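Residue numbers (mature numbering (1 follows the signal peptide of the UniProt record, and there is no 0)): -24 to -1, 1 to 216.
Cβ atoms here follow ideal geometry from the backbone N, Cα and C, with glycine treated the same way.
Predicted model, so just to flag it, every value in this text is computed and none were measured.
Take a look at the structure set out below.
Take a look at the structure:
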């Protein structure tokens, strides 16, 4: 009976710890490295959409252009993204850059614009989605996002020429409840929507990859539980 009670108690403890790890939301996760543009530190535009531009040289024949978003206290919109080959000038390489071709479900987000891919590796709240008639250019829609505690993303893979230079541009407008400046991490010591991180980043290779791992304290408890289970198993084996 003692054996059964010990095993049951340890099993319940491990289930509780595992559930706690799985259910814990993201806590001030940094953005992925390798951005070609990071708005961190710049003033957040709140009245008029601001145009942002950057350039890069293609190293792949298929390049994933990814926008990563975080806005703890309020929300923001991105609109009218443009990608142009400046070495061999042509039109905008993005499909559906105005977000007006409808939506579909991408990674459980039914408000994803057609031709774009959504990702939420941190399982954030306040996920992004297409919104109507809010683009910087008349007649276009926008992507509205308010990811809390970590980053979600919107991406599209385009055909590129290795060695060519590309110009990437897009508009961003922040909500009135945002702080004065973009910040890739929260700095006020608070959590959830009371945090103050707001940022947009652009990447020209891959998408957002989760880097968060269970807290050390959770791992320690989990490890202790596994050790106790091993001891109990050895005792049962000796008595057998």
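For residue 106, the CB contacts under 8 Å within the same chain, skipping 5 residues up- and downstream, are 75, 79, 87, 88, 89, 117, 118, 119 and 120 in chain order. By the Cβ rule, the segment 168 to 182 counts as touching the segment 148 to 159, because three or more pairs are nearer than 8 Å. Counting the other CB atoms within 10 Å of its CB gives residue 129 a total of 16 or more, which places it among the buried residues. Residue 44 and residue 73 do not touch by the CB rule: their CB atoms are close to 18 Å apart, not below 8 Å. Around residue 66, the same chain offers 60 as residues with beta carbons nearer than 8 Å, after the five sequence neighbours per side are excluded. Looking from the CA of residue 77, the closest CA among 49, 167, 91 and 179 belongs to 91. If you draw a 10 Å sphere on the C-beta of residue 109, you find fewer than 16 other C-beta atoms in it, and that means exposed. Residues of the same chain with a CB within less than 6 Å of the CB of residue 71, apart from the 5 flanking positions on each side, are 91 in chain order. If you look at residue 85, you'll find it in the beta strand (DSSP E) that goes 85 to 89. In this structure, residue 123 lies away from residue 147, with their beta-carbon atoms at least 8 Å apart.
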